[in-house]
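At position 23 of the sequence shown the residue is numbered 130 (my numbering), and the sequence of numbers has no breaks.
A virtual CB, placed ideally from N, CA and C, is assigned to each residue, including glycine.
Being a predicted model, the structure only gives us computed values, none of them experimental.
Worksheet for the structure shown next.
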Amino acid sequence: MSGFRWEIIQEYAPLFADGAWMTVKCTIICVILGVTWGLALGLGRLARAPRSPGMDFFLRAFVQTPVKIYVSAFRGTPLFVQIMVVHFALIPLLINPRDGLLVSSGIMSVDFARMLRSEYGAFLSCIVAITLNAGAYVSEIFRAGIESIDKGQMEAARSLGMTYGKTMRKIILPQAFRRMLPPLGNNAIAIVKDSSLASAIGLADLAYAARTVSGAYATYWEPYLTISIVYWVITFLLSLMVRQMEKRLGKSD
């Protein structure tokens, strides 16, 4: 086996740098949107109104059940397939300049839809697909974290006149977040690695950079070892950040 050819990496250093920034950018956006969407799904999964039988039935049938189906579907199918469906079916259905639902309804202009498709098509598809996927996993993290808190705390807060929303925001979620932080950190690390799948639809991330270099030089050792190191550095820094957050939350107890 020949030695590692540094000149290849030096020549394509800007491409790798742009790919790393794209990976980090996708990760940040998907983590924020995924956690937000996962929280909404988790709260929907736990939605109950025991004091109102009619409302309780409505929440079970039209909120809990759809959320369960959604979570099962996105956790039970490969992310790669979800990215393909979003990129080649869902996004064109919504923002196709000719007959997209958002365009035909007047919500989005034809020029704006054409710009999104041509300049941000792969990026938008990556964000949507990974967010929808991450939300399904994060919802289970939130559900488990909320259910791990003693139910007596919710009952005590409600007996003091606090609303359900205020009780969740002020009492339940802050305690649950301490327990949810490690799995949420693991989910963020998974998003970093899973974003590489979007290179299949043309997203110019690290995996795309490695594939470009390997195609130009017919070599795989240098480009893929390089992006492996970059991915490891990103995930290592992310794990350190999560660990620091855990320590700070532990000291605040």
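Can you tell me the Cα-Cα spacing of residue i and residue j, whole angstroms?
{"i": "Gly268", "j": "Cys133", "result": "42 Å"}
{"i": "Ala147", "j": "Pro121", "result": "39 Å"}
{"i": "Ser211", "j": "Arg224", "result": "16 Å"}
{"i": "Ala154", "j": "Leu310", "result": "38 Å"}
{"i": "Thr172", "j": "Val245", "result": "17 Å"}
{"i": "Val131", "j": "Gln117", "result": "21 Å"}
{"i": "Leu166", "j": "Arg250", "result": "16 Å"}
{"i": "Asp218", "j": "Ile234", "result": "21 Å"}
{"i": "Phe123", "j": "Met129", "result": "10 Å"}
{"i": "Phe169", "j": "Ser179", "result": "16 Å"}
Which residues mark the beginning and the end of the alpha helix (DSSP H) in which residue i is found?
{"i": "Lys258", "result": "258 to 266"}
{"i": "Ser149", "result": "Contrary to the premise, residue 149 reads as Gly rather than Ser in this sequence. 120 to 152 is the span of the alpha helix (DSSP H), which, as asked, contains Gly149."}
{"i": "Leu363", "result": "Since the first residue shown for the chain is 108 and the last is 360, residue 363 is missing from the structure and cannot be characterised."}
Inspect the beta-carbon positions of residue i and residue j and report whether they are closer than 8 Å.
{"i": "Ser306", "j": "Ala314", "result": "yes"}
{"i": "Ile198", "j": "Ser232", "result": "yes"}
{"i": "Ile237", "j": "Gly145", "result": "no"}
{"i": "Leu280", "j": "Val349", "result": "no"}
{"i": "Ile308", "j": "Ala229", "result": "yes"}
{"i": "Gly126", "j": "Asp312", "result": "yes"}
{"i": "Leu345", "j": "Ala295", "result": "yes"}
{"i": "Leu356", "j": "Leu186", "result": "no"}
Do the segment 109 to 120 and the segment 318 to 338 touch if we need at least three Cβ pairs shorter than 8 Å? Contact annotation: the segment 109 to 120 touches the segment 318 to 338, with at least three C-beta pairs closer than 8 Å.
Is the segment 338 to 351 close to the segment 158 to 165, with three or more CB pairs under 8 Å? They do not touch, by the three-pair rule.
Contact between the segment 310 to 329 and the segment 248 to 266 is defined here as three or more beta-carbon pairs at a separation below 8 Å; is this criterion met? The segment 310 to 329 is not in contact with the segment 248 to 266.
Do three or more CB pairs link the segment 135 to 147 to the segment 231 to 248 at distances below 8 Å? Yes, since at least three Cβ pairs between the segment 135 to 147 and the segment 231 to 248 fall closer than 8 Å, the two stretches touch.
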